[in-house]
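Quick note: to get the numbering used here, add 72 to the position in the sequence shown (first position is 1).
Glycine included, each C-beta is placed from N, C-alpha and C at the ideal position.
Notes follow once the structure below has been shown.
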Amino acid sequence: MGYLKSIGTTFIYIGLFLALITFLPGLPPDAQFAEYNISPPQQFLTDALKLNNRLDDAEILFEGKLKGPESFTSRNGELFTTLHGGDIVKIIGHHIVPIAKFGRPCDGVWMEKECGRPLGLQFDKNGILYVADPYNGIFKVDVMTGEYDMIVDISKPIEGKLPLLANSLDIAANGDIYWTDSSQDFILQDGVYTCLANPAGRLIKYDSSTERNTVLVANLGFANGVKLSKDESFVVVAETMTSRLSKFHLKGDKAGTAEIFIQGLPGLPDNIHTDGGDGFLVSLIVTADADHPILVQSLAPHPYIRKMLARILYLLEAPFKLVEDAYPNCYTKRAVHWIGHFESVKFLQHESVVVLRIGFDGKITDVLYTSDGKISGISSAYILKDYLYLGSPYNEYLARVPLKRAFPAMKSELNNIADNVVERQDAKTPPKSIGDSKLTGSAAAPVASGTPKPKPAPSRRKPTQVPTQQQVNVNPPTQQQKPVTVSPTNQQQQAVTTDTPTRQQQPISTVSPPRQQQPVTVTPTKRQEQQQQQKATSNPTSAGKEMRPESVKVVPAPQPAQPSPNVSKVSVEGGSENRERVKPGTAQNPNVGQQARVRPTPQPAFTKQSTTHPHQGATENPSNAQKQSPQPAPVTGRNN
73 MGYLKSIGTT FIYIGLFLAL ITFLPGLPPD AQFAEYNISP PQQFLTDALK
123 LNNRLDDAEI LFEGKLKGPE SFTSRNGELF TTLHGGDIVK IIGHHIVPIA
173 KFGRPCDGVW MEKECGRPLG LQFDKNGILY VADPYNGIFK VDVMTGEYDM
223 IVDISKPIEG KLPLLANSLD IAANGDIYWT DSSQDFILQD GVYTCLANPA
273 GRLIKYDSST ERNTVLVANL GFANGVKLSK DESFVVVAET MTSRLSKFHL
323 KGDKAGTAEI FIQGLPGLPD NIHTDGGDGF LVSLIVTADA DHPILVQSLA
373 PHPYIRKMLA RILYLLEAPF KLVEDAYPNC YTKRAVHWIG HFESVKFLQH
423 ESVVVLRIGF DGKITDVLYT SDGKISGISS AYILKDYLYL GSPYNEYLAR
473 VPLKRAFPAM KSELNNIADN VVERQDAKTP PKSIGDSKLT GSAAAPVASG
523 TPKPKPAPSR RKPTQVPTQQ QVNVNPPTQQ QKPVTVSPTN QQQQAVTTDT
573 PTRQQQPIST VSPPRQQQPV TVTPTKRQEQ QQQQKATSNP TSAGKEMRPE
623 SVKVVPAPQP AQPSPNVSKV SVEGGSENRE RVKPGTAQNP NVGQQARVRP
673 TPQPAFTKQS TTHPHQGATE NPSNAQKQSP QPAPVTGRNN
């Protein structure tokens, strides 16, 4: 009996203590606790909105490299987000690029109040980024320089109340800013108190022309994400703690009035983004259903219980605050940050993730699910290019899933569905250089290095003649061919096809090789000549390929005639002039000492066969192939 009596006495004392805490006037926190009701979650699981796994196996990016990518925006195809520590960053490929930072440097997330915590962000039509920081205010940021200016000072009251928790924003075409103040009573570090107290959020309009703030809607249940409709006829705001979206009319007969856009959502809505058309994407940071209700919503009809819990939480935090004020240290600072912060109740959320697609009329058109446990606590679902990016204020990573898997039936252009109103600017094509404009249709000839060569004289090109750079084809003689000395000329250097002396010679047309190559003069060494002769002897069929020097200067060669006359006229293909051919000892050529000599081998550089070889560019003349004369005498070409 004594044991049961002591237990009963203990419960009585505890009850009296809790009653004292609940009803004793003047105890913090100073907030309103009254009865209100929340619509229960509706049953959205129809045939069109059945459970799916389209968010399963999400790709994890930058794991452990960033903390709390809570919201997104984009410009020119680049993703911007806000992080713990007061940072605004840009995601480019696999790199995190810092843009700006609010507050002062801090040692960790427990110093959130000092270092800042930017949340919502949005670009205007001029490319200026606007960011809401619940500890510092609303700023406009130049993303090119990182400089920022304050446009809303949260230390100044708006219609008699301080905006303690600036959260999200959107910008109209005329520059007006619609932003949310989640609570008039508590800062972000004490977010749990906002769940227990009565709704005290506001939708505020910042007039860019007068620089004044006007409250549009008050007493919202933790006003969170905000988004203008595509035609800017109304603005939608998410009420997180009441699981609904409210709508404020800006144009039409209902302008200036508010109404419920949709209620009874299966969870707590957070940020709102466009779906690329007339609708919205709403992410539920905490999900709920009949089997997993949200505890704080169950306590909405019981104000005294909520008041008691809020005061107990404050009494737990008060000793650490006293020590922190007297002797600042990291341990008490962490305790103050943890008690009352949203992260302290993160364990209460369900593992499933839900993203809603809501139409212009406030009806759910599509739902995304996942329960694989890979991602959780999603606050933003943002479409950029071919991916749906998923952010969270708690996670230390950025997640994404392919857009084709997330929304297979979505009909929108992937390159023009950024969250901001500004259209993507197409990348300009760099101007072509002068050199590039001259290379259309043909390859540029390589630039010769070394001693400069005389500029070749212009020559006409006939349609049936060969291009500037040609191969040299020589008919094979019946006997071993003696060396032929070819002298350079000042005319344009062209490759020609020369036959052995016959009774009647016709010019032979050749086909240009696909790649042109500027010939240069090279005098082969004795060792190279010996190697070429050995290769030609061992493989006669490929002698034509092995005997040709790597780069030989080729000039228009004389057409051989009958060996008996001393001088004869021959026609050179590719030129309009005739060349004289004389026997050795009769030609007076001053440049003979500068000529390049090529010793013969059992087979010349290119052989002429009865059929066209697949690697040769010459068109064979059958009549000349059969008419081959005896071994010609050595000849020397002379410049005109």
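- Non-local beta-carbon contacts of Ala453 in its own chain, meaning distances under 7 Å to residues more than five positions away in sequence, involve His345, Leu353, Ser355, Val427, Leu460, Leu462 in chain order.
- Around the beta carbon of Met222, a 10 Å sphere encloses fewer than 16 other beta carbons of the protein chains shown; the residue is thus reported as exposed.
- Closest in C-alpha terms to Leu475, from the list Leu236, Ala481, Asp458, comes Asp458.
- Taking a contact to require three or more Cβ pairs closer than 8 Å, the region 362-375 and the region 101-117 qualify as touching.
- Annotation for Gln335: the continuous beta strand (DSSP E) segment containing it runs 330-335.
- Under DSSP, Gln194 forms a beta bridge with Tyr202.
- Residue state for Ser146 is assigned as strand, using DSSP reduced to three classes.
- Counting C-beta pairs closer than 8 Å gives fewer than three between the region 192-205 and the region 257-275, which falls short of the contact rule.
- In its chain, beyond the 5 residues on either side, Phe306, Ala327, Thr329 have a beta carbon closer than 6 Å to the beta carbon of His321.
- Within the region 341-403, the runs of alpha helix (DSSP H) that reach at least 4 residues and sit entirely inside it are, in chain order, 367-370, 375-398.
- Separation of Pro341 and Leu317 (C-alpha to C-alpha, rounded to the nearest whole angstrom) is 8 Å.
- The C-beta of Asp347 has 16 or more other C-beta atoms within 10 Å across all chains shown, which makes the residue buried.
- Here Val224 is actually not in contact with Gly247; their C-beta atoms are around 14 Å apart, not less than 8 Å.
- The beta carbon of His156 lies closer than 6 Å to those of Lys139, Gly140, Val181 in the same chain, with the five residues before and after it left out.
- Only residues of its own chain outside the window of five on either side were considered, and among them Ala407, Val408, Ile411, Gly412 have a CB closer than 8 Å to the CB of Glu389, listed in chain order.
- Counted as a single uninterrupted DSSP element, the alpha helix (DSSP H) harbouring Arg477 occupies residues 475-478.
- Straight across, the Cα-Cα distance linking Gly349 with Ala398 is about 55 Å.
- The three-state secondary structure of Thr266, taken from DSSP, is helix.
- With a 10 Å radius around the Cβ and a threshold of 16 neighbouring Cβ atoms, Thr266 comes out buried.
- Residue pairing of Asp279 in beta bridges, as defined by DSSP: Arg284.
- When secondary structure is reduced to three states using DSSP, Tyr108 falls in the coil class, being assigned neither helix nor strand.
- Here Pro101 is near Ala382, since their CB atoms are less than 9 Å apart.
- In the DSSP annotation of this structure, the continuous segment of the alpha helix (DSSP H) that includes Ile93 starts and ends at 74-95.
- Arg472 is a Cβ neighbour of Leu133, given a cutoff of 9 Å.
- For Val425, the closest alpha carbon among the candidates Ser451, Ile249, Tyr403, Ala310 is that of Ser451.
- In the structure shown, Leu460 adopts extended strand secondary structure according to DSSP, grouped into three states.
- Your pair Ser315 and Gly339 checks out as a contact, with CB atoms roughly 7 Å apart and the cut at 8 Å.
- Shortest Cα-Cα distance from Phe294 to any of Ser280, Leu268, Ser254 involves Ser254.
- Val213 places its beta carbon 9 Å or farther from that of Tyr250.
- By alpha-carbon distance to Leu470, the top candidate from Gly188, Met183, Lys137, Ile200 is Lys137.
- Residue Ile384 holds the alpha-carbon nearest to the alpha-carbon of Ala91 among Ile384, Ala481, Ser281.
- Linking Ala172 to Ile160 through their CA atoms gives a straight-line distance of about 5 Å.
- With 16 or more other Cβ atoms inside 10 Å of its own Cβ, Asp196 counts as buried.
- Taken atom to atom, the span from the alpha-carbon of Pro271 to that of Leu234 is near 15 Å.
- Pairing Ala244 with Leu292 gives a Cβ-Cβ distance that is not under 9 Å.
- Between the alpha carbons of Ile200 and Lys323 lies a gap of roughly 26 Å.
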